[in-house]
Each structure stands twice: as C-alpha cells, then as structure tokens.
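Q: Below is the structure I would like to discuss, written out as structure tokens.
Numbering (full-length UniProt numbering), first residue to last: 1 to 178.
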C-alpha cells in the first residue's frame, strides 16, 4: 500500500509542469531569449499579392534550452506546390539585424490599422496561452516592401532554398537575317 501511495505521489509530481512565464505581447521582441522549454510560437507569413497566393508557417519550439525552427511553405496559385523544410536550430537573436525579433520591431513601427479590406501580412500565435498578434499592410506597395524585407531574413535563414525563386525568363527568339 505504501508503495502504491508513493508511486501515485511520484506520478502526481512528475505530471505537474510549471506554467511558462512567456507573454507574447511583452516578450515578442526577444522571444528566442524569453521562450521557456515547451513553448511554441507559430508565425504565419502571407506572401499573397494580386494573383499570387502563397503563405508560410514558421514554428518555433524551445526544447532543452534550444530554439528550433520548422518551416512549411505553400504556393496555391497556378499549380499548387508545398514544402516542409527540416527542423533547424534558430540561431538569430534580437541583437542580429536580420532576425525575426527585429523584423517584428520593423512591422510594429510600420503597422497599419486593420480594416475590412486588408488582411494580416504576419500573424503570430503563442499556442501555450492562446495569445495572438497580427501586423497589417496598407495597399500593394506597402505589402511588397514588407515582404521584400522579410525576403532578406528568409534568405539569411535558408540561403540555399529556392522554393520562391522565379524561373529564369526564356531567351529571346533568334534574329533571322533578311
């Protein structure tokens, strides 16, 4: 009987996990430093413009004091293409100019109010506490400028990925002699 009670207490203590102190609103601009083990943040980036429909989902997971990044990309226009990149260690930080943290700071400064006609260019979800934050653009030019800046960050994290690379245009037709 004592062994059964001891085992039950052991299981009870083992199953009690401390709740994370991470707060999306407060810690967003230092999230990779402030995340605690078991925290998960999803960042959805909407690349869509005009007839081009595309989005990416970046999932940051902190495990064993290391922040990992898993990325899913999808292009839905023309012919559907998708990819899931391997999980990597997220090494950028808020001290690095090309980091998600600094991109969020840029979006915060450039954020536009939500209207009926615009959609979020970047949405961030902290799954552990069901917190969310979105950043908006105002018109095509603003949208493309924000996506261009994001492209630099993406290129730094995934320098060899060609998923969004446009195909080379065909060569001009040969000129015929008269």
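Glycine is no exception: its CB is placed at the ideal position from the N, C-alpha and C atoms.
Would the stretch 117-129 and the stretch 162-173 be scored as touching if the rule is three or more Cβ pairs under 8 Å?
A: Flag = no, the stretch 117-129 and the stretch 162-173 do not touch.
Q: Where does residue 36 land, buried or exposed, given buried means 16+ other C-beta within 10 angstroms?
A: The residue labelled residue 36 in the question sits at position 36 within the chain shown. Flag for residue 36 reads exposed.
Q: Should residue 89 be labelled buried (16 or more other beta-carbon atoms within 10 Å of its own) or exposed?
A: In the chain shown, residue 89 corresponds to position 89, counting from 1. Its Cβ having fewer than 16 others within 10 Å, residue 89 is exposed.
Q: Buried or exposed: which applies to residue 130, given that a residue is buried once 16 or more other Cβ atoms fall within 10 Å of its Cβ?
A: Stepping through the chain shown from its first residue, residue 130 is reached at position 130. By the neighbour-count rule (16 or more Cβ atoms within 10 Å), residue 130 is not buried but exposed.
Q: Between which two residues does the beta strand (DSSP E) carrying residue 108 extend?
A: Here residue 108 refers to the residue found at position 108 when the chain shown is read from its first residue. Unbroken run through residue 108 is the alpha helix (DSSP H), 100-110; no beta strand (DSSP E).
Q: Per DSSP, what are the beta-bridge partners of residue 57 in this structure?
A: Reading the chain shown from its first residue, position 57 is the one you call residue 57. Looking at the DSSP assignment, residue 57 forms a beta bridge with 44, 72.
Q: Can you tell me whether residue 152 is buried or exposed, with buried defined as 16 or more other CB within 10 angstroms of its CB?
A: Here the question's residue 152 lines up with position 152 in the chain shown. Residue 152 should be labelled exposed.
Q: By Cβ distance below 6 Å, which residues in the same chain neighbour residue 163 in space, the five residues on each side in sequence not counted?
A: Walking along the chain shown from the start, residue 163 turns up at place 163. Around residue 163: 73, 83.
Q: Tell me, please, whether the stretch 134-150 touches the stretch 37-49 by the rule of three or more beta-carbon pairs shorter than 8 Å.
A: Yes: the two stretches touch, three or more of their Cβ pairs being nearer than 8 Å.
Q: Return the bridge partner residues of residue 157 from the DSSP annotation.
A: Against the chain shown, residue 157 aligns to sequence position 157. In the DSSP output, where bridge partners are listed per residue, residue 157 has none listed.
Q: Please classify residue 76 as buried or exposed, where buried requires at least 16 neighbouring CB atoms within 10 angstroms.
A: Translated into positions along the chain shown, residue 76 becomes position 76. Exposed: under 16 other Cβ atoms inside 10 Å.
Q: Does the distance from the C-beta atom of residue 69 to that of residue 95 stay below 8 Å?
A: Mapped onto the chain shown, residue 69 falls at position 69. Mapped onto the chain shown, residue 95 falls at position 95. Going by C-beta atoms, residue 69 is not nearer than 8 Å to residue 95.
Q: Following the continuous alpha helix (DSSP H) through residue 32, name the residue where it begins and the one where it ends.
A: As a first step, residue 32 must be located in the chain shown, where it is residue number 32. That run of the alpha helix (DSSP H) goes 31-34.
Q: Comparing C-alpha positions only, which one of 27, 39, 45 sits nearest to residue 19?
A: Taking the first residue of the chain shown as position 1, residue 19 is located at position 19. Closest option to residue 19, Cα to Cα, is 39.
Q: With distances taken from CA atoms, which of 136, 160, 108 is nearest residue 195?
A: Since the first residue of the chain shown is 1 and the last is 178, residue 195 is not available in this structure.
Q: What did DSSP end up calling residue 82 once you bin it into helix, strand or coil?
A: In the chain shown, counting from the first residue as 1, residue 82 sits at position 82. Strand at residue 82.
Q: Helix, strand or coil for residue 26? Go by DSSP, reduced to three states.
A: Here residue 26 corresponds to residue number 26 of the chain shown, with the count starting at 1. DSSP places residue 26 in helix when its eight states are reduced to three.
Q: If you draw a straight line from the C-alpha of residue 78 to the C-alpha of residue 140, how long is it?
A: Within the chain shown, numbered from 1, the residue matching residue 78 stands at position 78. Within the chain shown, numbered from 1, the residue matching residue 140 stands at position 140. The straight-line gap from Cα to Cα measures roughly 20 Å.
Q: Taking C-alpha atoms, which residue in 173, 29, 137, 121 lies nearest to residue 112?
A: As a first step, residue 112 must be located in the chain shown, where it is residue number 112. Cα-wise, what sits closest to residue 112 is 137.
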